[in-house]
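**Q** So the sequence shown is numbered by my numbering: it starts at 92 and just counts up by one.
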Amino acid sequence: MNCRVESAGPELSHHTSFVRRLTAGALLLNLFIVVMIAVSLRQSYVQYHQAAENSARNFAHLLEEEISGDLGKIDMVLQGTADEASRQLASGGIDRKRLDTYLQRQLQRLPEAISLRIADRAGWVKYGPGVDGRTMVNVSDREYFKLQRDASGSRLVIAHPLLARISNEWTIPMSRPISSADGSFAGVAYVNFSMKHLSDTFSNMDLGKHGAVALFNTGLELFARYPEPQGEGSFVGAKLSSKELSSLMQQEITDATYRTVSSVDGVARLYSYRKLEGLPLYAMVGLAEQDYLAGWWREVAKMSSLGVLFALVTLWLTWLARRAWTRQEQAMQSLQKSEAQVKFMAAHDVLTSLPNRLLARERFELAASFADRSSCKLAFICLDLDNFKSINDSLGHSVGDATLKIVAQRLQECVRDTDTVSRQGGDEFLLLLSDLGDLDAVGIVVESILRCMAVPFEAGNTEFSTSVSMGVAMYPEDGRDFETLLKKADAAMYQAKAAGRNTYQFFAAQMNADVDDHLRLRHGLRQALERDELELHYQPQVHLSSGKVVGAEALLRWNHPEMGMIPPARFIPVAEDCGLIVQIGDWVLLEACRQAAAWREAGLPELVMAVNVSSVQFQRHSLERSVIQALVDSGLAPGSLELELTESVLIQEDGETVLKSIQRLKSLGLQLSIDDFGTGYSSLSYLKRFAVDKLKIDRTFVRDMADDPNDAAIVQAIIQMARTLNLKTIAEGVENEHQLAILGLQKCDEVQGYYFARPLPANEFEQFLRMRME
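Here you go:
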């Protein structure tokens, strides 16, 4: 009996196994069919929605560019008109003929505008095309006039749409104030922007049978909509009752897509909503779901019959498979958790959960290999708490342990995720900083740690303070193995303790000096702008065939009260590292534009002012605002400003954002050039994409081209390539007549260098220009 039972056991086991395999096979077959149907429909649905979202965003972006371009151009004309009227008032009174001529010329630049006029402080329309001085039109009751009259300072006002009294057309009024000589309100310059122009723009967009597009203000009041809502009266000024839009605007979200049912016509749409940059207006493009999902619903109808057929079988088999899988997964998770816990405990400190010395050594080997391949540096920082023994003795070991945990947490907050913080034992920690370009980064980290540790500790209902001493050793300068570097960092740490604690020391004295110099420069730069220590020198740019001075490059100089004239190569990298380059760059743009405008007012020839732009200014997304502000404040025409971009700006990872930014800068009428072309990542692809105007040939090629045939060939190739792409070329570093002759034979367009003049202060540059005019 026992023998039969024992022999039946394996058979039963095999049968059970067969049933399980059969069940699993049926489950997989049915589940595969259902999942394929669901995945196919889901992917199709996502694709339809993604295509619709992309289309809506593209339409919204196109709409933003067109409207922002139109309104931005109008604003520049308004600003110029207000400035012209203010200047005439300040110089003794309005010259009607001169002002009307100016207004007529400005209006010709605005085909989308119905009128460009000036009203006095009482609201009477006095000047502008179609205004003969006898026309008695008063706009003091208009919204834009009241807002400008009651506000202070110069600002753009875009008022609610209204029917123009003269043209009897729906318009969007835009205005800027006019100031008298004492700064008081003297009237407004206003433009009536044609709503028909908006309607034409909207109607040209292919949004499908039920698509819609709208323009509205911060109060959700409609300015324009296509198609126009059905019903009596004008829809202009009607308020959009949309919870989604209200929520987005309350959260100050300026770019979003969402799906909702329109409160205007009851159609479900996918909307792309954007705030117009620099304007109190919003654009919204909606694609109807019944349009863009029509094809998907046909697919659903075709595949739903197959899904229904397998639904019941799939549910049952899925339940069986889920139960078996859950049990197996729980067992695997338990095993993995146990293995991970054992592995973690072997490589980490029990108290702080930081890596121990064993794991720190392994990470050092990896970081050192990477440093050798990429030619970067690695820093060892030994850190020891000052007077930790007294904390343990006086407050107890529980407070001491809590203190060590807080220290571990603060150290991790002071370093990057790619760095390693390790506890070596007791109150000693080891920091491994990888992928460092120079010593400045180390100095910033240790200064941050000192500041962080200066914050009082709270542990065991007790508040107390402590400090740390740190020693730094660098790979590979101070050693190439873990033990050597640890020993030298430890020695430097004891030097820090001997120096009074609460400080740090590098193993090499020269490294301390370099870090101190960097910190001193960074501190001095913060005060350089306030103390007027920065100044611009200008180097002339000469048209090669005519010999005329056609431009000037603005070059930054720092006249330090103690260190004297500091070269840009020394302080510009520091400014970029700490972010001050953005503020300094804004000052350079404004000062260069102001100086160019001053030379123009002094009767000197028209010059193009070239200004170098840092990649940091692009990364902070502030360059466009700075350029527009500099042009407005100085009165310089956009065509007289050239931005010199380095190749590193054009090859940033966020290339599309840079491309859009450059396109908006180009739309202002600026000129763009590539500085030091040929020394970096020169590529025909970005020259085509970014539509630059000029290539600047680096001085390293110009300097030796008379003696080095390779440099001469490179210069010739750059000039020929630029001519093929319809780009200008300018060679820098021209120092003798021989170089000038070679560049002339190669038909280079412009040159600059010591052969003509060194970079000159503004007054000396003006004298140089006047001598060239004689």
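Cβ atoms here follow ideal geometry from the backbone N, Cα and C, with glycine treated the same way.
Mind the definition here: the region 619-632 touches the region 581-600 only if three or more C-beta pairs lie below 8 angstroms; say whether that holds.
**A** no
**Q** In whole angstroms, give me the CA-to-CA distance for G324 and F293.
**A** Since pLDDT at G324 reaches only 49, below the 50 mark, its modelled position is unreliable, and the value read off the structure follows with that caveat. G324 and F293: Cα-Cα distance of roughly 20 angstroms.
**Q** With hydrogens ignored, establish whether the beta-carbon of A462 is closer than 7 angstroms to any heavy atom of the ligand ZN.
**A** For the structure depicted, the ligand ZN is absent and the ligand set is empty, with no information on it obtainable.
**Q** Hey, would you say I482 sits closer than 8 angstroms to T557, going by beta carbons?
**A** Yes, these two residues count as a Cβ contact at 8 angstroms.
**Q** With a 10 Å radius around its C-beta and 16 neighbouring C-beta atoms as the bar for buried, classify E744 as buried or exposed.
**A** Residue confidence for E744 is low, a pLDDT of 47 falling below 50, so the modelled location carries little weight and cannot support an answer.
**Q** If I follow the unbroken alpha helix (DSSP H) through N801, where does it start and stop?
**A** 800-815
**Q** Closer than 8 angstroms, CB to CB, is A213 near chain B or not?
**A** This model lacks chain B altogether, as it is built from one protein chain only.
**Q** So does the region 237-252 actually touch the region 263-281, counting three or more Cβ pairs closer than 8 angstroms?
**A** The region 263-281 and the region 237-252 touch, with three or more beta-carbon pairs separated by less than 8 angstroms.
**Q** Can you list the alpha helix (DSSP H) stretches of 4 or more residues lying completely in the region 487-518, in chain order?
**A** 488-505
**Q** Below 8 angstroms between beta carbons: does that hold for P659 and L647?
**A** yes
**Q** Would you kindly work out how many angstroms separate the C-alpha atoms of L207 and K188, rounded to a whole number?
**A** Spanning the two alpha carbons is a distance of roughly 15 angstroms.
**Q** Report yes if the C-beta distance between Q632 and Q762 is below 8 angstroms; otherwise report no.
**A** no
**Q** Under 8 angstroms, do A210 and F236 count as touching if we go by C-beta distance?
**A** yes
**Q** Please report the Cβ distance between M700 and A645, rounded to the nearest whole angstrom; I am assuming they are in contact, meaning their Cβ atoms lie under 8 angstroms.
**A** 6 angstroms
**Q** How many Å lie between R592 and S560 at the Cα?
**A** 5 angstroms
**Q** Which same chain residues, not among the five before or five after D232, have their C-beta less than 8 angstroms away from its C-beta?
**A** The beta carbon of D232 is closer than 8 angstroms to those of G214 in its chain, skipping five residues each way along the sequence.
**Q** Would you decide whether V679 is buried or exposed? Buried here means 16 or more other CB atoms lie within 10 Å of its CB.
**A** buried
**Q** Classify K787: buried if its beta carbon has 16 or more other beta carbons within 10 angstroms, exposed otherwise.
**A** buried
**Q** Do I124 and L306 count as a contact pair if the criterion is CB distance below 8 angstroms?
**A** no
**Q** How is S98 classed by DSSP in three states: helix, strand or coil?
**A** Confidence in S98 is poor, its pLDDT being 43 and thus under 50, which makes the residue's placement unreliable; the coordinate value appears in the next sentence. Here S98 sits in helix by DSSP.
**Q** L119 and M394 - do their beta-carbons sit closer together than 8 angstroms?
**A** no
**Q** Within 10 angstroms of its Cβ, does N283 collect 16 or more other Cβ (buried), or is it exposed?
**A** Looking at its Cβ environment, which holds 16 or more other Cβ atoms inside 10 Å, N283 is buried.
**Q** Nearest to T748 by alpha carbon, out of F709, V512, G219, K785?
**A** F709
**Q** Look up E744 in the DSSP assignment and say whether it is helix, strand or coil.
**A** Annotation note: pLDDT 47 at E744 (below 50); position unreliable, coordinate value reported separately. Coil.
**Q** Taking only three categories from DSSP, how would you classify A309?
**A** What sits at residue 309 in the sequence shown is Thr, not Ala. In the displayed model, T309 falls within coil according to three-state DSSP, outside both helix and strand.
**Q** Mapping the DSSP letters down to three states, classify F401 as helix, strand or coil.
**A** helix
**Q** Compute the Euclidean distance between the alpha carbons of R389 and G377, then round it to the nearest angstrom.
**A** 22 angstroms
**Q** Where do the N-terminal and C-terminal ends of the beta strand (DSSP E) with V702 fall, by residue?
**A** 699-704
**Q** Looking only at C-alpha atoms, which of S354, T575, K639, H614 sits nearest to F859?
**A** K639
**Q** Throw me the rounded Cβ distance for the A374 and L154 pair, which I believe falls under 8 angstroms.
**A** Cβ atoms of A374 and L154 come within 8 angstroms of each other, at about 5 angstroms.
**Q** Please report the straight-line C-alpha distance between L361 and A347, rounded to a whole angstrom.
**A** Near 11 angstroms, if we compare the C-alpha coordinates of A347 and L361.
**Q** Between L450, L442, T443, Q837, which lies nearest to K434 when the distance is taken from Cα to Cα?
**A** L450
**Q** Thinking just about the alpha-carbon of each residue, which of H288, K300, K578 is nearest to the one in I472?
**A** K578
**Q** Taking 8 angstroms as the cut-off, decide whether the C-beta atoms of Q686 and A853 are in contact.
**A** yes
**Q** Should V352 be labelled buried (16 or more other beta-carbon atoms within 10 Å of its own) or exposed?
**A** exposed
**Q** Alpha carbon to alpha carbon, what distance is there between G219 and L194?
**A** Spanning the two alpha carbons is a distance of roughly 6 angstroms.
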